[in-house]
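Scroll down for the structure; my scribbles are underneath it.
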Amino acid sequence: MRAATLKGAQRALMSACMPAPVAARARTLASASPAVCSCSYSSTSSSSSPLATLGSSLGLCGRQQRPFARINSSSSARSRRALRPLATAAVEARRGPAAPAKDQVLTSDPANNVTEYIYSKMGINLHHQPNHPIGIIKQAIYDYFEQGSPGVFKAFDDMYPVVACTANFDEILIPADHVSRSPNDTYYVSADKVLRCHTSAHQAELLRTKQPAFLVTGDVYRRDSIDATHYPVFHQMEGVRIYGPADWEAAGLEATAFAERELKSALEGLAKHLFGDVECRWVDAYFPFTEPSFELEIFFNGKWMEVLGCGVMEQVILDKNYGEGHKAWAFGLGLERLAMVLFDIPDIRLFWSDDDRFLKQFKAGDLNSKFKSYSKFPPCYKDMAFWVSPEFTENNLCELVRGIGGDLVEEVVCIDNFTNPKTQRTSNCYRITYRSMERSLTDEEINGLQARVRQGVAEQLKVELR
Numbered sequence: 011m012r013a014a015t016l017k018g019a020q021r022a023l024m025s026a027c028m029p030a031p032v033a034a035r036a037r038t039l040a041s042a043s044p045a046v047c048s049c050s051y052s053s054t055s056s057s058s059s060p061l062a063t064l065g066s067s068l069g070l071c072g073r074q075q076r077p078f079a080r081i082n083s084s085s086s087a088r089s090r091r092a093l094r095p096l097a098t099a100a101v102e103a104r105r106g107p108a109a110p111a112k113d114q115v116l117t118s119d120p121a122n123n124v125t126e127y128i129y130s131k132m133g134i135n136l137h138h139q140p141n142h143p144i145g146i147i148k149q150a151i152y153d154y155f156e157q158g159s160p161g162v163f164k165a166f167d168d169m170y171p172v173v174a175c176t177a178n179f180d181e182i183l184i185p186a187d188h189v190s191r192s193p194n195d196t197y198y199v200s201a202d203k204v205l206r207c208h209t210s211a212h213q214a215e216l217l218r219t220k221q222p223a224f225l226v227t228g229d230v231y232r233r234d235s236i237d238a239t240h241y242p243v244f245h246q247m248e249g250v251r252i253y254g255p256a257d258w259e260a261a262g263l264e265a266t267a268f269a270e271r272e273l274k275s276a277l278e279g280l281a282k283h284l285f286g287d288v289e290c291r292w293v294d295a296y297f298p299f300t301e302p303s304f305e306l307e308i309f310f311n312g313k314w315m316e317v318l319g320c321g322v323m324e325q326v327i328l329d330k331n332y333g334e335g336h337k338a339w340a341f342g343l344g345l346e347r348l349a350m351v352l353f354d355i356p357d358i359r360l361f362w363s364d365d366d367r368f369l370k371q372f373k374a375g376d377l378n379s380k381f382k383s384y385s386k387f388p389p390c391y392k393d394m395a396f397w398v399s400p401e402f403t404e405n406n407l408c409e410l411v412r413g414i415g416g417d418l419v420e421e422v423v424c425i426d427n428f429t430n431p432k433t434q435r436t437s438n439c440y441r442i443t444y445r446s447m448e449r450s451l452t453d454e455e456i457n458g459l460q461a462r463v464r465q466g467v468a469e470q471l472k473v474e475l476r
């Protein structure tokens, strides 16, 4: 379901990963010695500048109210050709036959902002792999609903990821001015098509086929920051169940009250199915496509953790697409978030690894496996300071860095920010952390990547390097 709440910077309906203490991490990095690996360290930050305080991460499904800036379309197209992803041949071999054709995603449309790096992830479909943590979580949820309601829920996990803007936004009542519609946050294939930002993009479509109960799982795409819990491609599951008058009349309840009761009962049961006999609590929320709306939290490992968002479907969506006289509930959750917690996986990049040291730690049907860390290679830090431009946003920077460094980039964080009182120009200093999960990186390799990053930000984001 679509990210959109009124809390802070509009939190997601489905938090797909835990909030990360980004500001604290930035302060730690700023004070730590950078010489932790053989890679050379270059810092161009001003020692007199105050440290920039970053807000808390909103999770993979979050939408921060960032200023919008679009990179020139012609330079963006050139950058897609120039900035090839650093993908292994083994990862490419995992791409399924149903992957969208390249010319259907990397189009010449002026609105297109999809990169080669993002396209390289399409068709891998981690949720189709039964021994992968994402596939294990997906199947555990499918099993839970099948056991509780045999034959009721129909599963869809191969829906096409390129969708119309109307399906991704309008049909689920996303406001016209919502931040998620910005090309700063969403991958546009063309002016009227996007890579789905959430599995809710298929909700109205399936309602029109008169499906009374369904689960939709798929890979979803969002431009976002770079750290251990954020990735531009992740996996969500949407669940919907529809009821008729006979259902709530037999229960002696009003329609909305009945749907709410059934929703909470089903999802508390799901939480216990996945996490054991945990304590649950409900938090009132706001989403444009459900009313009332809730977030489910569980007490796990000594703290409260948000698991999913849900609610009673807005009646206009149901009436228009399924038919009048019904009530429905809907929920959405992020599979990476659940897998990272259940399996103790510390870095979201690991889900995309083809390293047997990771993959062989998990097997279908086993929710009790815990990730055992193998050799962690040293990080390499590179700092880059510049005067910002109208074309600059943090998402644009992260897209550019991902396009060059691929999964060698562990984190991009702003460690310094100041505004010149005389010129009113703003300077940012970003620290890029490079680290491979499979090998040691060389000075030559990282220096080469960083040189390309510096060239890219100057040419594409129009910043003035310091």
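FYI, in our numbering the residues of the sequence shown are 11 to 476.
Where is the CB? At the ideal position from N, CA and C, for every residue including glycine.
1. Flag this pair as touching only if the region 350-365 and the region 409-421 have three or more C-beta atom pairs under 8 Å; answer yes or no.
2. Within 10 angstroms of its Cβ, does V467 collect 16 or more other Cβ (buried), or is it exposed?
3. Would you say the region 231-247 touches the region 342-353, given that touching needs at least three Cβ pairs under 8 Å?
4. If you run the structure through DSSP and keep just helix, strand and coil, what is S5?
5. Are there three or more Cβ pairs, one per stretch, closer than 8 Å when the region 450-463 is compared with the region 383-402?
6. F387: buried (16+ other C-beta within 10 angstroms of its C-beta) or exposed?
7. Please look up how many angstroms separate the CB atoms of D287 and T227, rounded, as I've assumed it's under 8 Å.
8. Round the Cβ separation of C290 and A281 to the nearest angstrom and send it over; I've been treating them as touching at under 8 Å.
9. Does DSSP put C408 in a helix, in a strand, or in coil?
10. By a C-beta neighbour count over all protein chains shown, 10 Å radius and 16 as the cutoff for buried, is A42 buried or exposed?
11. Select from A150, L475, N430 and P302 the residue whose C-alpha is nearest the C-alpha of A165.
12. If you draw a straight line from the alpha carbon of Q157 to that of E469, how long is it in whole angstroms?
13. Quick check: the region 213-232 against the region 107-116, are there 3 or more CB pairs under 8 Å?
14. Name, in chain order, the residues that DSSP records as bridge partners for F310.
15. According to DSSP, simplified to helix, strand and coil, what is L216?
16. Compare the C-alpha of I308 against each of N430, A349, L318 and R441 and name the closest.
17. In this structure, what does DSSP give as the bridge partners for I128?
18. For V398, does the three-state DSSP call read helix, strand or coil?
19. From the DSSP output, read off the bridge partner residues of M247.
20. Is the Cβ-Cβ distance between L377 and L352 less than 9 Å?
21. Taking the alpha carbon of L459 as the point to measure from, which residue in K472, S450 and Y444 has its own alpha carbon closest?
22. Helix, strand or coil for N438 per DSSP?
23. Output needed for S55: all residues of its chain with C-beta closer than 8 Å, excluding positions within five of it in sequence on either side, in chain order.
24. Once you ignore the five residues that flank A349 on each side, which residues in its own chain have a CB closer than 8 Å to its CB?
25. Helix, strand or coil: which one does DSSP assign to P171?
26. To the nearest angstrom, report how far apart P242 and R476 are at their CA atoms.
27. Count the CB pairs spanning the region 195-202 and the region 116-126 that are closer than 8 Å, and state whether there are at least three.
Considering the structure as presented:
1. yes
2. Result: buried.
3. yes
4. The chain is shown from 11 up to 476; residue 5 falls before or after that span and cannot be answered.
5. yes
6. It is exposed - the Cβ of F387 has fewer than 16 other Cβ atoms within 10 Å.
7. Going by Cβ atoms, the distance from D287 to T227 rounds to 26 Å, so no, they are not a contact pair.
8. 6 Å
9. helix
10. Bear in mind that the predicted position of A42 carries a pLDDT of just 38, short of 50, making it unreliable; the figure below should be weighed with that in mind. Exposed, by the Cβ-count rule.
11. A150
12. 56 Å
13. no
14. Residue pairing of F310 in beta bridges, as defined by DSSP: K313.
15. Secondary structure of L216 (DSSP, three-state): helix.
16. L318
17. DSSP output for I128 lists no bridge partner at all.
18. Coil at V398, not helix or strand.
19. T227 and L343
20. yes
21. Ranking K472, S450 and Y444 by Cα distance to L459 puts Y444 first.
22. strand
23. Reliability of the predicted coordinates at S55 is poor, the pLDDT of 32 falling under 50, and the value obtained from them is presented with this limitation in mind. Hits under 8 Å: D393, A395, I425, D426 and C439.
24. P143, I144, I146, I147, I355 and F361
25. coil
26. 29 Å
27. yes
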